[in-house]
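A.B. asks: Here it is, the structure, as structure tokens.
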Amino acid sequence: FYAATVEDAFEYGNFDDRPIYEQLALPKEQRSIKLTQMLREEAVVVWKEYKAKPDKVQY
Numbered sequence: 700f701y702a703a704t705v706e707d708a709f710e711y712g713n714f715d716d717r718p719i720y721e722q723l724a725l726p727k728e729q730r731s732i733k734l735t736q737m738l739r740e741e742a743v744v745v746w747k748e749y750k751a752k753p754d755k756v757q758y
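For the sequence shown, position 59 (counting from the first letter as 1) is numbered 758 according to the numbering used here, and the numbering increases by one without interruption.
Rendered as structure tokens:
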């Protein structure tokens with residue numbers, strides 16, 4: 700769930716996240732914003748716990 704849109708953040712808070720969304724839509728090689736993956740092993744532990752959960756919510 701969410702309430703405000705990207706446009707709301709810009710109009711009411713002067714937060715302009717649009718360039719970030721535009722960058723994320725590009726292939727990794729073309730982005731000016733570089734992402735660094737970290738803590739994957741720890742994240743996979745959580746994902747495995749979620750996968751094994753019998754009452755999980757399917758998205």
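Backbone N, C-alpha and C define an ideal beta-carbon position, used for all residues, glycine too.
Can you name, in chain order, every residue of its own chain whose Cβ lies under 8 Å from the Cβ of residue 716, other than the five neighbours on each side?
C.D. replies: Here residue 716 corresponds to residue number 17 of the sequence shown, with the count starting at 1. Once the five neighbours on either side are set aside, the close Cβ partners of residue 716 are 705, 708 and 709.
A.B. asks: Do you know offhand how far residue 725's Cα is from residue 714's?
C.D. replies: Here residue 725 corresponds to residue number 26 of the sequence shown, with the count starting at 1. Here residue 714 corresponds to residue number 15 of the sequence shown, with the count starting at 1. Those two C-alpha atoms are separated by around 21 Å.
A.B. asks: Would you mind giving the Cβ-Cβ distance between residue 730 and residue 722, rounded to the nearest angstrom? I have them listed as a contact below 8 Å.
C.D. replies: Counted from its first residue, the sequence shown places residue 730 at position 31. Counted from its first residue, the sequence shown places residue 722 at position 23. With 8 Å as the limit, residue 730 and residue 722 qualify as a contact, their Cβ atoms being about 5 Å apart.
A.B. asks: First and last residue of the alpha helix (DSSP H) that includes residue 747?
C.D. replies: Numbered from 1 along the sequence shown, position 48 holds the residue referred to as residue 747. Segment 739–751, the alpha helix (DSSP H) holding residue 747.
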